[in-house]
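**Q** Start counting at 1 in the sequence shown, then tack on 285, and there's your number in the working numbering.
Yeah, the Cβ is synthetic: ideal placement off N, Cα and C, and Gly gets one too.
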Amino acid sequence: MKRLSFIVFLFSAMLFADTTNVSGNVSGSWTTSNSPYIVTNNLVLQPSDTLTINPGVEIRFDGNYRFDIFGTFLAVGTEADSIIFTRNSSTNWMSLNFAADADDNSQMQYCIVGYGSQSGYDPYWG
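(1) With H, G and I counted as helix, E and B as strand and the rest as coil, what does DSSP make of residue 363?
(2) Between which two residues does the beta strand (DSSP E) carrying residue 308 extend?
(3) Just the C-alpha distance for residue 316 and residue 387, rounded to the nearest angstrom, thanks.
(4) Between which two residues does the beta strand (DSSP E) carrying residue 392 extend?
(5) Determine the direct distance from the alpha carbon of residue 306 to that of residue 297, and round the result to whole angstroms.
(6) Any idea if residue 360 is buried or exposed, counting beta-carbon neighbours within 10 angstroms, 16 or more meaning buried?
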């Protein structure tokens, strides 16, 4: 009986794990303690802002949304603890869009990007 109670407790804790809804302008630091980050509308990283995404963070797009990046974007995972960009439902998300004049110091390392529905390069965007 104690074992069953413990399993129910663990399952409940997993169901109520922290999640963070994000939309609009973003900046600062995204940490595993607030992960997963659920994207509920388009995201924008403004030219004067920095967003740091820590190893192990998961970003789930809850619809056909995009992430427009004009500022400094630092998504640096590790080999053992990747950063994941994925969908939150059966609907694919759109894309990560780095503006032509986005900060040259932006980085993506050990990131897994899946279920985006748009790719390519547009020299006239941003």
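**A** Judging by the given coordinates:
(1) coil
(2) 305-310
(3) 23 Å
(4) 392-394
(5) Reliability fails at residue 297, whose pLDDT of 49 lies under 50, so the model's placement of it is uncertain and the value that follows must be treated cautiously. About 20 Å.
(6) buried
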